[in-house]
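In the UniProt record's numbering, the protein residues as written are 1 to 300.
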């Protein structure tokens with residue numbers, strides 16, 4: 001599974017309304033413990049469109065974001081992506097399907113299917129409503145940011161060290177090819193850029209702080225390259241998730257220009273973020289080396 005392991009902080013789990021492992025009802029046990037399946041079109045979250053995050057009924061760990069939910073007309077809630085590291089895939093006992101369970105407590109969620117072509121991500125997590133609880137967006141303290149500043153290994157390395165950051169994924173965004181490989185992106189014909197998606201706790205940090213860090217761990221004046229790495233996939237770009245994020249990025253770029261920096265960083269609305277191959281995740285920590293084309297330079 002092409003996902004980086006998400007090290008969920010204890011305070012985050014405790015924040016959730018279901019943070020403590022709870023006593024399950026008989027119906028909940030039938031699905032969550034004994035791997036049963038609720039009847040189709042009967043689940044609480046099947047035709048449910050509120051904005052927020054779905055968490056594990058048993059332990060409260062975040063599983064899915066509402067923006068990844070779609071109507072597959074299968075009778076159960078469907079998602080084409082999960083929160084990084086939140087869901088574990090295991091071979092089903094039937095020998096044919098792939099079961100999905102909560103990575104934190106092992107609760108049975110449902111099954112995952114690929115190759116159906118229902119969304120651009122070509123993935124369907126078919127989940128039992130009874131396995132989840134829903135936390136409205138206004139009650140959460142989690143947000144995401146997407147930055148591209150040269151090789152994603154180095155950007156990931158420094159972002160993971162920032163206070164309040166919960167997880168960082170390396171991946172591809174901004175191109176015209178679905179689910180591109182590293183080799184395809186390096187050829188320079190897909191339009192994608194190497195980028196990182198940052199999950200952060202807004203009670204500990206904010207988007208502006210992380211964006212400032214982004215401008216200080218790469219050189220925003222380098223056009224389509226970063227250090228020795230050349231190519232459009234190494235361009236400096238911020239993919240914003242909201243008008244507020246765009247405004248913050250524009251403000252900081254203007255501040256840098258007023259300081260004399262010829263900033264070339266582009267701004268674009270976030271599109272599909274394709275998680276990169278496993279060997280790109282947590283690269284420098286695994287290799288026990290340091291970034292070769294990124295370093296910290298104070299600019300604010």
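Glycine included, each C-beta is placed from N, C-alpha and C at the ideal position.
Under 8 Å: do the segment 73-89 and the segment 101-115 share three or more Cβ pairs, one atom per stretch?
yes
In angstroms, rounded to a whole number, what distance separates the CA positions of residue 252 and residue 29?
The residue given as residue 252 occupies position 252 in the chain shown. The residue given as residue 29 occupies position 29 in the chain shown. Taking the straight line joining both Cα atoms gives about 51 Å.
Secondary structure at residue 173, three-state DSSP: helix, strand or coil?
Here the question's residue 173 lines up with position 173 in the chain shown. Reduced to three states, the DSSP call for residue 173 is strand.
Just confirm the distance between the C-beta atoms of residue 58 and residue 102, as a whole number of angstroms; I'd bet it's less than 8 Å.
For the purposes of this step, residue 58 is identified with residue 58 of the chain shown, where counting begins at 1. For the purposes of this step, residue 102 is identified with residue 102 of the chain shown, where counting begins at 1. The pair is a contact, with the Cβ atoms about 7 Å apart (cut-off 8 Å).
Out of 132, 230 and 173, which one is the CA nearest neighbour of residue 44?
By 1-based counting over the chain shown, the position of residue 44 is 44. Measuring from the Cα of residue 44, the nearest candidate turns out to be 132.
With distances taken between CB atoms, is the gap from residue 262 to residue 241 smaller than 8 Å?
Here residue 262 is taken as the residue at index 262 of the chain shown, counted from 1. Here residue 241 is taken as the residue at index 241 of the chain shown, counted from 1. No, Cβ-Cβ distance for residue 262 and residue 241 is not below 8 Å.
Between which two residues does the alpha helix (DSSP H) carrying residue 154 extend?
Position 154 of the chain shown, counting from 1, holds the residue named residue 154. First-last of the alpha helix (DSSP H) with residue 154: 152-159.
Enumerate in chain order the residues of its own chain whose CB-to-CB distance from residue 299 is below 6 Å, with the five nearest sequence positions on each side excluded.
As a first step, residue 299 is located in the chain shown; it is residue number 299 there, counting from the start. The residues are 215 and 216.
Rounded C-beta distance between residue 196 and residue 236? I'm assuming under 8 Å.
Numbered from 1 along the chain shown, position 196 holds the residue referred to as residue 196. Numbered from 1 along the chain shown, position 236 holds the residue referred to as residue 236. Actually they are not in contact, since the Cβ atoms of residue 196 and residue 236 sit about 13 Å apart, beyond 8 Å.
Within the same chain, show all residues whose beta-carbon is closer than 6 Å to that of residue 66, passing over the 5 residues directly before and after it, in chain order.
The residue you call residue 66 lines up with position 66 of the chain shown. The residues are 51 and 52.
Per DSSP, what are the beta-bridge partners of residue 133 in this structure?
Stepping through the chain shown from its first residue, residue 133 is reached at position 133. The partner list for residue 133 (beta bridge, DSSP) reads 55.
Cutting at 7 Å between CB atoms, please list the residues of its own chain near residue 246, excluding the five before and the five after it.
Translated into the one-based positions of the chain shown, residue 246 becomes position 246. Hits under 7 Å: 240 and 267.
Among 178, 182, 73 and 36, which one has its Cα closest to the Cα of residue 233?
Numbered from 1 along the chain shown, position 233 holds the residue referred to as residue 233. Out of 178, 182, 73 and 36, 182 has the C-alpha closest to the C-alpha of residue 233.
Whose CA, out of 108, 176, 152 and 296, lies closest to the CA of residue 272?
On the chain shown, position 272 is the one that residue 272 refers to. Minimum Cα distance to residue 272 is reached at 176.
Is it buried or exposed for residue 124, if we count other Cβ within 10 angstroms and need 16 for buried?
Within the chain shown, numbered from 1, the residue matching residue 124 stands at position 124. Result: buried.
Is residue 213 helix, strand or coil when you go by DSSP?
Numbered from 1 along the chain shown, position 213 holds the residue referred to as residue 213. Helix at residue 213.
Within 10 angstroms of the Cβ of residue 223, are there 16 or more other Cβ atoms? Answer buried if so, exposed if not.
Sequence index remark: in the chain shown, residue 223 carries index 223 (1-based). Exposed, because fewer than 16 other Cβ atoms sit within 10 Å of the Cβ of residue 223.
Can you give me the C-alpha to C-alpha distance between residue 255 and residue 37, rounded to a whole angstrom?
Here residue 255 refers to the residue found at position 255 of the chain shown. Here residue 37 refers to the residue found at position 37 of the chain shown. One C-alpha to the other measures close to 55 Å.
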